[in-house]
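In the numbering used here, each number is its position in the sequence shown, counted from 1, plus 1.
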Amino acid sequence: GTQIYRWVDASRDEPATKDPSDKRNVIAQAWYPAQAPGAKRSIYMDGLDNLPPSIVVLPSFVMASYDRIDTHATLDADISSEKLWPVVIFSPGFGAPRAFYTGLATEIASRGYVVLTLDHPYESPVTQLADGSIATRIDTSPLAPDARGAWMAEQLGIRASDVQFALDRLVEGAGRLKDHVDLSRVVAAGHSFGGATAVAVAGREPRIAATVNIDGTPYGELPVLNRPFLVLQSDYSVTGH
Numbered sequence: 002g003t004q005i006y007r008w009v010d011a012s013r014d015e016p017a018t019k020d021p022s023d024k025r026n027v028i029a030q031a032w033y034p035a036q037a038p039g040a041k042r043s044i045y046m047d048g049l050d051n052l053p054p055s056i057v058v059l060p061s062f063v064m065a066s067y068d069r070i071d072t073h074a075t076l077d078a079d080i081s082s083e084k085l086w087p088v089v090i091f092s093p094g095f096g097a098p099r100a101f102y103t104g105l106a107t108e109i110a111s112r113g114y115v116v117l118t119l120d121h122p123y124e125s126p127v128t129q130l131a132d133g134s135i136a137t138r139i140d141t142s143p144l145a146p147d148a149r150g151a152w153m154a155e156q157l158g159i160r161a162s163d164v165q166f167a168l169d170r171l172v173e174g175a176g177r178l179k180d181h182v183d184l185s186r187v188v189a190a191g192h193s194f195g196g197a198t199a200v201a202v203a204g205r206e207p208r209i210a211a212t213v214n215i216d217g218t219p220y221g222e223l224p225v226l227n228r229p230f231l232v233l234q235s236d237y238s239v240t241g242h
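Now the structure itself:
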C-alpha cells in the first residue's frame, strides 16, 4: 500500500522563493505492507502533465508514458496489523524526484518495512505542494565555484530538517501509519546527496537508530556517528571520488 503526505512546516520559511509568506513544504510517500489491496492504483509521479523540459539527465518527453508504470501498490490501502513495522526514511539524489526510487522503496517494503520517500521542493524538478500547486526547480546555487561547497552544506541542513519534520509527523501519528510503526527502529537512508542527507540527519537526530548512505558525498563538518552505519560506494575508478 502507499499513502502520500503533503505537509507544511509552519516554523520554517521557504528559502528558495522570494515570497516571505511561503512556508516549507515536506512531501512524503509511504510504502508499506498492506492488510489488503485498495481500490485505486498508485500513480508513479507527481505532475506528469506539467513537467519541465528535463528531469536530472532525462528529457521529459521520455516520461510521456510514465503514468502506465505499475508501482505494485494501491493508494490508501490499510496497513497490515501483523506487527509494528520498522521505518526507513529515504532522501533522493540531488535534483531527483522521489518517484525514481519507487522500485527500491517497494522492494524494501516487501521485506517488512514502512518506507517514507521524500521530495525536497524546489530542488526536485517537479513536486505537488500541499495547496495543489506544482513546484519546479529553482536554482539558488552560487556562480562562484569556491562557494559551492558551503552552499551544498547549507542545502544539506535544509534537507536534514525536512527528514526531522517527517519523523515528527510519524511520532504524532501520520494517517494509516498511526500505531503501526516501530519508532525505536527508524533508519535514515538515501542515495547520492540523499545519502549525505542521511549522514547529516544521524549526526543531529538521536531518534535515528541506523544510517544507510548510498554513494553520498558529505559536505561541511562530518558528524560523529555512534550507531550502525552502512555505506555502499561505487568503485573509485568509476566515480573519481
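Backbone N, C-alpha and C define an ideal beta-carbon position, used for all residues, glycine too.
Mind checking whether residue i and residue j have CB atoms under 8 Å apart?
i           : j           : result
residue 247 : residue 75  : For the chain, the structure presents residues 2 to 242; residue 247 sits outside this window and is missing.
residue 212 : residue 194 : no
residue 120 : residue 99  : yes
residue 209 : residue 200 : no
residue 164 : residue 145 : no
residue 187 : residue 63  : no
On a CA-only basis, which of the options is nearest residue i? Give me that one, please.
i           : options            : result
residue 157 : 224, 237, 236, 19  : 224
residue 7   : 135, 192, 229, 206 : 135
residue 198 : 131, 153, 34       : 153
residue 58  : 97, 117, 170, 27   : 97
residue 28  : 122, 191, 161      : 122
residue 9   : 133, 185, 228      : 133
What three-state label does DSSP hand residue i in the structure shown?
i           : result
residue 142 : coil
residue 72  : coil
residue 91  : strand
residue 102 : helix
residue 55  : strand
residue 180 : coil
residue 172 : helix
residue 112 : coil
residue 218 : coil
Could you give the C-beta distance for residue i and residue j, rounded to a whole number, given that I count them as a contact under 8 Å?
i           : j           : result
residue 125 : residue 138 : 7 Å
residue 242 : residue 218 : 6 Å
residue 90  : residue 167 : 6 Å
residue 118 : residue 30  : 5 Å
residue 178 : residue 115 : 6 Å
Does any CB atom of chain C fall closer than 8 Å to the CB of residue i?
i         : result
residue 6 : In the structure shown, chain C cannot be found, because there is only a single protein chain.
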